[in-house]
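Numbering of the sequence shown is given in full-length UniProt numbering, commencing with residue 1 and proceeding in unit increments. Using N, Cα and C, we set each Cβ at its ideal position, and we do this for glycine too. Please read all numbers here as calculations on a predicted model, not as lab measurements.
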Amino acid sequence: MKALKIEPGKAPERINIANELASLQSLVGGYIEVIYPDERRPVGLICNEEGKCCGLELNRALYKNGKPYDIIAGTFLVVGLSAEDFADLREEDAAYFEKLFRSPEKFQRFAGRLVISKVVPGGV
């Protein structure tokens, strides 16, 4: 199935992956969890359900109304959804999420708060 793979510190990559539990678990490094980030788009973000507690590298923040509400740890996939299963990611959704997750993010603690910054290619 057509999907986007988003690894920490990297731009999204279009991939083809078997729609099988073992393949999905292999790519995210453990048990999977599905997050539904946009009710207007038939997509799921497949990530490692234990990523944060296992200390996987923080990857991308999810935002609602311009404010972060969650952070995905480790590699994750963006896949399409059908009525009963995962499906090919539609071209318009692939383009949307490629743009949304184009810039990797850095996460740092400062004065007791988490600071999120975009990594700009070629930046210092």
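Range covered by the alpha helix (DSSP H) that runs through D70
Reading the sequence shown from its first residue, position 70 is the one you call residue 70. Secondary structure note for D70: it is in no alpha helix (DSSP H), and the uninterrupted beta strand (DSSP E) holding it is K67 to A73.
Can you tell me where the beta strand (DSSP E) with A3 in it begins and where it stops?
The residue labelled residue 3 in the question sits at position 3 within the sequence shown. Segment K2 to I6, the beta strand (DSSP E) holding A3.
When you compare each of I46, V28, R41 and P42 to I35 by their alpha carbons, which one comes out closest?
For the purposes of this step, residue 35 is taken as the residue at position 35 of the sequence shown. Nearest option by C-alpha distance: I46.
State the beta-bridge partners of K52 as determined by DSSP.
Position 52 of the sequence shown holds residue 52. Answer by DSSP bridge pairing: none, since K52 is not bridged.
Taking P42 as the reference, give the member of P104, F97 and R109 with the closest Cα.
Taking the first residue of the sequence shown as position 1, residue 42 is located at position 42. Taking only the C-alpha atoms, the option nearest P42 is F97.
Is the stretch 77-85 close to the stretch 17-35, with three or more CB pairs under 8 Å?
A contact exists between the stretch 77-85 and the stretch 17-35.
How would you call F86, buried or exposed, if buried means at least 16 neighbouring beta carbons within 10 angstroms?
Here residue 86 refers to the residue found at position 86 of the sequence shown. Buried, by the Cβ-count rule.
Since I6 contacts R60 with CB under 8 Å, what's their CB separation in whole angstroms?
Locating residue 6 in the sequence shown gives position 6, counting from the first residue. Locating residue 60 in the sequence shown gives position 60, counting from the first residue. About 6 Å separates the two Cβ atoms, so the contact holds.
Proximal residues to A3 (C-beta, below 7 Å), its chain only, five neighbours per side dropped
One-based indexing of the sequence shown puts residue 3 at position 3. Excluding residues within five positions, the ones whose Cβ falls inside 7 Å are I15, I17, L77, V78, V79 and L89.
Distance, Cα to Cα, Q25 vs A73?
Your numbering for residue 25 matches position 25 in the sequence shown. Your numbering for residue 73 matches position 73 in the sequence shown. When rounded, the distance between both Cα atoms is 14 Å.
Helix, strand or coil for K10, going by three-state DSSP, please let me know.
For the purposes of this step, residue 10 is taken as residue 10 along the sequence shown, with counting starting at 1. Note: K10 maps to coil in three-state DSSP.
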